[in-house]
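Trainee: Structure below; questions to follow.
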Amino acid sequence: MDAAVPGERLCRHRRRPRLRDLGADPGGVEPHRRRRQPPRSWRTPRSGRPAPSTSSPTSTGPTPLVIDEGALARIEEAAASVDEERLDQRAASVEESDLITIVYTSGTTGRPKGCAISHSGFLRGIDGPLAIIGERISASDSPSTVLMLPLAHIFGRVIEASTLLSRHVLVHEPDMTHLVQAFATHRPTYIGSVPRVFEKVHASASAAARAKGERGAKVFAAAEATAVEWARTDSPGLGLRVRHALFDRLVYRKLRAALGDECRTIISGGSALSEHLSDFFAGVGPEIIEGYGLTEVGVTSANPPGRTRVGTVRGAHAGHPHGHRRPG
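Pasting the structure below:
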């Protein structure tokens, strides 16, 4: 169940048979094209937050559950009266074609739509990325992640579910102003986020260097160029190895510390990560894995670790000139 519904109103849905085999349905009907308006309790103000529902006996719509307004406590309280036998019966009655979730698109390119996804479609969406990145994200003794991928997108949902199925520690951090604190507190071994977060980390490091004066700015610029060069070669020469080791002491270890000092893998999704920024972070230390998801049909994919091709989400041949290296 989605706790909050973006957009002006919760969208109604209808099935589109041509996409049913993929386990997803992009057929949210825009409310302004419907003559009959949804029940009042389903409407939300323009801020995007669900409006208080009416409690009259004639109200037919469900009451929205909002996490920030105690939804989890209400669910826990309601679940206390459900015994194990009833729980087992309900679980056994679930069919592969049954609805598991409705993912609401973000609305950046139009009104938000609710994409209905079945159990089988969602699990198929998990199988691919988990088979590709599962071993890498589980490499640590205590795998954990701080997840900042939007859940109004199928790729974020898939990474979230993959983390839970792998029994890793999962931390959601929706507020970018608390990033450094979240990384320092939870020390994630891998991070799933939109490119904006990594752009912000890079910009903050660059600004801190410039604040130290001209010398600090030059050191950071040289360190950045060295990191990019390191990421784009499979056989660094002696000079590059010396420069990389020097800047690892001066710059890179501080950037790794800003990510919690335990991060070995970065999963970027939601939009394209620039080639320069991808190579920069790969040269600093973490391996970069780019992911893709099409919410409307439940399709997800990710780059195979060790065979990354920057700017794509398909497998790349070993030895590609943009293959990322770890510091050595």
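No gaps in the numbering here: position 126 of the sequence shown is 133 in this note's numbering, and each next residue is one more.
We put the beta carbon where it would ideally sit given N, CA and C, even for glycine.
If you draw a straight line from the C-alpha of Phe287 to the C-alpha of Ala210, how long is it?
Mentor: The alpha-carbon atoms of Phe287 and Ala210 are separated by roughly 12 Å.
Trainee: Bridge partners of Gly114, per DSSP?
Mentor: According to DSSP, which records beta bridges pairwise, Gly114 is partnered with nothing at all.
Trainee: Tell me where the alpha helix (DSSP H) around Gly3 begins and ends.
Mentor: Since the first residue of the chain shown is 8 and the last is 335, residue 3 is not available in this structure.
Trainee: Exposed or buried, what is Pro181 when buried is set at 16 or more other beta-carbons lying within 10 Å of its beta-carbon?
Mentor: Exposed.
Trainee: Quick one: measure Cβ to Cβ for Gly128 and Gly305, integer angstroms, because I've assumed they're closer than 8 Å.
Mentor: That belief holds up - the Cβ atoms of Gly128 and Gly305 are roughly 5 Å apart, short of 8 Å.
Trainee: Would you mind sorting Thr307 into buried or exposed? The rule is 16 or more other CB atoms within 10 Å of its CB.
Mentor: Buried, by the Cβ-count rule.
Trainee: Quick one: using the 10 Å Cβ neighbour count with 16 as the cut-off for buried, is Leu94 buried or exposed?
Mentor: Classification for Leu94: exposed.
Trainee: From which residue to which residue does the alpha helix (DSSP H) around His251 run?
Mentor: Run containing His251: 245-254, per the alpha helix (DSSP H) assignment.
Trainee: Can you name the start and end residues of the alpha helix (DSSP H) that Val187 belongs to?
Mentor: Its alpha helix (DSSP H) spans residues 186-193.
Trainee: With DSSP as the reference, label Arg50 as helix, strand or coil.
Mentor: Note that Arg50 scores a pLDDT of 38, beneath 50, so its modelled location is shaky; the value from the coordinates is reported in the next line. Arg50: strand per DSSP, three-state reduction.
Trainee: Could you spell out where the beta strand (DSSP E) holding Leu154 opens and where it closes?
Mentor: Here the beta strand (DSSP E) through Leu154 covers 151-155.
Trainee: Could you tell me if Arg263 is buried or exposed, where buried requires 16 or more neighbouring beta carbons within 10 angstroms of its beta carbon?
Mentor: It is buried - the Cβ of Arg263 has at least 16 other Cβ atoms within 10 Å.
Trainee: Using a Cβ-Cβ distance cut-off of 8 Å, determine whether Glu206 contacts chain C.
Mentor: Going by chain labels, chain C is absent from the structure shown, which holds only one protein chain.
Trainee: Rounded to whole angstroms, how far is the Cβ of Gly267 from the Cβ of Pro311, which I believe are closer than 8 Å?
Mentor: Actually they do not touch by this definition, with Cβ atoms about 25 Å apart.
Trainee: Could you spell out where the beta strand (DSSP E) holding Ser7 opens and where it closes?
Mentor: There is no way to answer for residue 7, as the model of the chain reaches only from 8 to 335.
Trainee: Start and end of the beta strand (DSSP E) containing Gly300?
Mentor: It spans 294-301 - the beta strand (DSSP E) in which Gly300 sits, taken as one unbroken run.
Trainee: Report yes if the CB atom of Val153 is closer than 8 Å to the CB atom of His126, and no otherwise.
Mentor: Their beta carbons are not under 8 Å apart, which means Val153 does not touch His126 by this criterion.
Trainee: Over the uninterrupted alpha helix (DSSP H) stretch that includes His179, give me the two end residues.
Mentor: First-last for His179: 176-179, but that is the beta strand (DSSP E), not the alpha helix (DSSP H).
Trainee: If we count Cβ pairs, one from each stretch, closer than 8 Å, do we get three or more for the stretch 187-207 versus the stretch 145-165?
Mentor: Taking 8 Å as the limit for Cβ pairs, the verdict is that the stretch 145-165 does touch the stretch 187-207.
Trainee: Tell whether a beta-carbon distance below 8 Å holds between Ser285 and Ile295.
Mentor: Contact flag set, yes.
Trainee: Report the rounded CA-to-CA distance for Ala215 versus Glu83, giving the unit in angstroms.
Mentor: For Ala215 and Glu83, the distance between alpha carbons rounds to 45 Å.
Trainee: Nearest CA to the CA of Leu177: which residue from Lys219, Thr184, Val187, Arg164?
Mentor: The residue with the shortest Cα to Cα distance from Leu177 is Arg164.
Trainee: Rounded to the nearest angstrom, how far is the Cβ of Gly318 from that of Gly300, given a contact under 8 Å?
Mentor: Contact doesn't hold; Cβ gap of about 16 Å is too wide.
Trainee: When DSSP labels each residue in this structure, what does Arg316 get in the three-state scheme?
Mentor: Coil.
Trainee: Would Thr233 be called buried (16 or more neighbouring beta carbons within 10 Å of its own) or exposed?
Mentor: Buried is the call here.
Trainee: Are the Cβ atoms of Cys122 and Glu303 separated by less than 8 Å?
Mentor: Cβ distance < 8 Å, so Cys122 and Glu303 count as in contact.
Trainee: Leaving aside the five residues before and after Met155 along the sequence, list all residues of the same chain whose C-beta is less than 6 Å from its C-beta, in chain order.
Mentor: Answer for Met155: Glu180, Ser200, Val204, listed in chain order.
Trainee: In three-state DSSP terms, what is Ser200?
Mentor: Of the three classes helix, strand and coil, the one that applies to Ser200 here is strand, per DSSP.
Trainee: Which partner residues does Ala87 have in the DSSP bridge list?
Mentor: According to DSSP, Ala87 bridges with nothing at all.
Trainee: Assign Leu172 to one of two classes, buried (16 or more other C-beta atoms within 10 Å of its C-beta) or exposed (fewer than that).
Mentor: Looking at its Cβ environment, which holds fewer than 16 other Cβ atoms inside 10 Å, Leu172 is exposed.
Trainee: Within a Cβ cutoff of 7 Å, which residues of the same chain sit near Asp145, ignoring the five residues on either side of it in sequence?
Mentor: In the sequence on display, residue 145 carries Ser and not Asp. The residues are Ser173.
Trainee: Which of the three DSSP states, helix, strand or coil, is assigned to Ser275?
Mentor: Strand at Ser275.
Trainee: Taking all protein chains shown into account, decide if Lys120 is buried (16 or more other Cβ within 10 angstroms of its Cβ) or exposed.
Mentor: Looking at its Cβ environment, which holds 16 or more other Cβ atoms inside 10 Å, Lys120 is buried.
Trainee: In whole angstroms, what separates the C-alpha of Gln188 from that of Leu257?
Mentor: If you take the alpha carbons of Gln188 and Leu257, they lie about 22 Å apart.
Trainee: DSSP beta-bridge partners for Cys122?
Mentor: According to DSSP, Cys122 bridges with Val110.
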